[in-house]
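Peer 1: For the sequence shown, counting from 1, position 154 maps to 200 in my numbering; every step adds exactly one.
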Amino acid sequence: MSFDFSGAGVVITGAGGGIGAALARRFAGEGARVVVADLDGDAARAVAAEVGGTAFAGDVASEHGARALITEARRVLGEIDLFCANAGVAVHGGPEAGEEAWARSWEVNVMAHVRAARLLLPAWLERGRGHFLATASAAGLLTNLGSAPYSVSKHATVAFAEWLHATYRHRGITVQAVCPQGVRTRMLADAGRGGDLIMGAGAIEPEQVAESCVAGLRDGGFLILPHPEVADYYATRATQTDRWLAGMNKLQRKVEQALGE
47 MSFDFSGAGV VITGAGGGIG AALARRFAGE GARVVVADLD GDAARAVAAE
97 VGGTAFAGDV ASEHGARALI TEARRVLGEI DLFCANAGVA VHGGPEAGEE
147 AWARSWEVNV MAHVRAARLL LPAWLERGRG HFLATASAAG LLTNLGSAPY
197 SVSKHATVAF AEWLHATYRH RGITVQAVCP QGVRTRMLAD AGRGGDLIMG
247 AGAIEPEQVA ESCVAGLRDG GFLILPHPEV ADYYATRATQ TDRWLAGMNK
297 LQRKVEQALG E
């Protein structure tokens with residue numbers, strides 16, 4: 047189901063910078079009315095001022111924060127036509143990562159989506175339409191070497207979006223997942239040399255992700271892939287799993303060698 051941006055009420059979380067800010071600029075340029083939400087209030091206000099939107103400052107992953115955001119967005123916009131669950135966190139490490147890191151990854155990357163959907167769906171189902179866009183990352187289809195909490199939680203992001211799509215599509219609810227690989231944001235910079243070795247060469251700008259999202263929202267397909275090659279990797283992972291895992295382990299060994307680990 048193609049999305050019409052003109053006059054649409056759009057909420058974007060994590061929109062103070064990176065992909066979220068690029069989405070806000072691009073969607074506003076298409077005529078959308080945008081609520082810019084971010085934990086960093088100054089960043090949210092700066093982007094909102096730039097796009098003629100409304101800023102919301104706060105942690106929207108919590109139940110209280112999600113409710114406050116959606117209440118304020120409805121006050122400003124009327125009904126929300128498109129909710130972009132874009133905010134995310136990436137913590138380095140594997141099983142040794144602390145309990146707090148795992149819990150925060152789950153809260154922001156998964157439960158924020160669940161809580162938003164819980165609040166959005168009743169009104170959307172009543173009027174017979176609504177659009178949910180989840181920023182899931184290619185890590186949600188493949189994996190992300192170096193960060194087990196990110197990989198695991200982003201797989202859950204995709205799984206929840208799939209569930210929503212399968213359950214409510216016939217009732218007018220459109221759900222899509224955008225799954226880029228490396229994007230030149232602070233998150234990639236924070237991944238350090240290991241992240242640069244894995245994703246740096248193919249990294250794209252946030253504006254390219256936003257452009258892919260505009261095209262994807264108009265096309266209506268479930269997966270939006272700013273890096274088209276991810277479709278081939280995803281197919282190989284599903285149909286030649288051992289080969290794919292061997293390739294990923296080879297890449298892991300190359301990274302360890304380069305980092306002197």
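Beta carbons: idealized from backbone N, C-alpha and C, even for Gly. None of these values were measured; they are calculated from a predicted model.
Report the option in H273, G266, S183 whose CA atom is closest to the CA atom of Q254.
Peer 2: Taking the first residue of the sequence shown as 1, we reach residue 254 at position 208. Answer by Cα proximity: H273.
Peer 1: Thinking C-beta only, is L123 closer than 7 Å to G55?
Peer 2: Residue mapping note: residue 55 aligns to position 9 of the sequence shown, counting from 1. Residue mapping note: residue 123 aligns to position 77 of the sequence shown, counting from 1. Yes, these two residues count as a Cβ contact at 7 Å.
Peer 1: Quick check: what's the CA-CA separation for G77 versus A277?
Peer 2: Looking up residue 77 in the sequence shown gives position 31. Looking up residue 277 in the sequence shown gives position 231. If I take the Cα positions, the gap works out to 31 Å.
Peer 1: If you check the beta carbons only, do A133 and G60 fall under 7 Å apart?
Peer 2: Taking the sequence shown and counting its residues from 1, the one referred to as residue 133 is at position 87. Taking the sequence shown and counting its residues from 1, the one referred to as residue 60 is at position 14. Yes, the pair counts as a contact, with Cβ atoms nearer than the cut-off.
Peer 1: Evaluate L234 with the Cβ neighbour count: other Cβ atoms within 10 Å of its Cβ, from every protein chain shown; 16 or more gives buried, anything less gives exposed.
Peer 2: Against the sequence shown, residue 234 aligns to sequence position 188. Reliability of the predicted coordinates at L234 is poor, the pLDDT of 48 falling under 50, and no value is obtained from them.
Peer 1: For the segment 183 to 269, list the beta strand (DSSP E) runs that are entirely contained and at least 3 residues long, ordered along the chain.
Peer 2: Qualifying beta strand (DSSP E) stretches, in chain order: 219 to 224.
Peer 1: If F178 and A131 are in contact, beta carbons under 8 Å, what's the gap, nearest whole angstrom?
Peer 2: Counted from its first residue, the sequence shown places residue 178 at position 132. Counted from its first residue, the sequence shown places residue 131 at position 85. That pair is a contact at about 7 Å.
Peer 1: Within the chosen definition, does the segment 142 to 155 reach the segment 111 to 122 through at least 3 CB pairs nearer than 8 Å?
Peer 2: Flag = no, the segment 142 to 155 and the segment 111 to 122 do not touch.
Peer 1: Taking DSSP as the reference, what is the three-state secondary structure of I116?
Peer 2: The residue you call residue 116 lines up with position 70 of the sequence shown. In the structure shown, I116 sits in a helix (DSSP, three-state: H, G or I).
Peer 1: Mapping DSSP to helix, strand and coil, what is V160?
Peer 2: Counting from one through the sequence shown, the residue named residue 160 turns up at place 114. Looking at V160 - three-state DSSP - the assignment turns out to be helix.
Peer 1: Considering only C-alpha positions, which residue in the set L210, A136, V204 is nearest to G192?
Peer 2: By one-based count along the sequence shown, residue 192 stands at place 146. Comparing Cα-Cα distances from G192 to each of L210, A136, V204, the minimum goes to A136.
Peer 1: Under the three-state reduction of DSSP, which class applies to I105: helix, strand or coil?
Peer 2: Taking the first residue of the sequence shown as position 1, residue 105 is located at position 59. Checking the sequence shown, residue 105 turns out to be Asp, not Ile. The answer is coil: DSSP assigns D105 none of H, G, I, E or B.
Peer 1: Select from R217, L187, A212 the residue whose C-alpha is nearest the C-alpha of V204.
Peer 2: Your numbering for residue 204 matches position 158 in the sequence shown. Comparing Cα-Cα distances from V204 to each of R217, L187, A212, the minimum goes to L187.
Peer 1: Determine which residues share a DSSP beta bridge with F129 and list them.
Peer 2: Taking the first residue of the sequence shown as position 1, residue 129 is located at position 83. In the DSSP output, where bridge partners are listed per residue, F129 has V57, F178.
Peer 1: Throw me the rounded Cβ distance for the E125 and A74 pair, which I believe falls under 8 Å.
Peer 2: The sequence position of residue 125 within the sequence shown is 79, counting from 1. The sequence position of residue 74 within the sequence shown is 28, counting from 1. Not confirmed; about 18 Å, so no contact.
Peer 1: Counting C-beta neighbours from all protein chains within 10 Å, is the total for D84 16 or more, i.e. buried, or is it exposed?
Peer 2: Counting from one through the sequence shown, the residue named residue 84 turns up at place 38. Buried, by the Cβ-count rule.
Peer 1: Going along the chain, which residues of its own chain have a beta-carbon closer than 7 Å to the beta-carbon of G248, five neighbours each way excluded?
Peer 2: Taking the first residue of the sequence shown as 1, we reach residue 248 at position 202. Cβ within range, chain order: Q227, G228, H273.
Peer 1: Could you tell me if G267 is buried or exposed, where buried requires 16 or more neighbouring beta carbons within 10 angstroms of its beta carbon?
Peer 2: Numbered from 1 along the sequence shown, position 221 holds the residue referred to as residue 267. By the 10 Å Cβ count, G267 comes out exposed.
Peer 1: Can you look up D50 in the DSSP assignment and give me helix, strand or coil?
Peer 2: Residue numbering aside, residue 50 sits at position 4 when the sequence shown is read from its first letter. If DSSP states are grouped into helix, strand and coil, D50 belongs with coil.
Peer 1: Could you tell me if G140 is buried or exposed, where buried requires 16 or more neighbouring beta carbons within 10 angstroms of its beta carbon?
Peer 2: As a working mapping, residue 140 is identified with position 94 in the sequence shown. With fewer than 16 Cβ atoms within 10 Å of its Cβ, G140 is classed as exposed.
Peer 1: On a CA-only basis, which of G87, V80, D288 is nearest A324? Give me that one, please.
Peer 2: Since the displayed the chain opens at 47 and closes at 307, residue 324 lies outside it and no answer follows.
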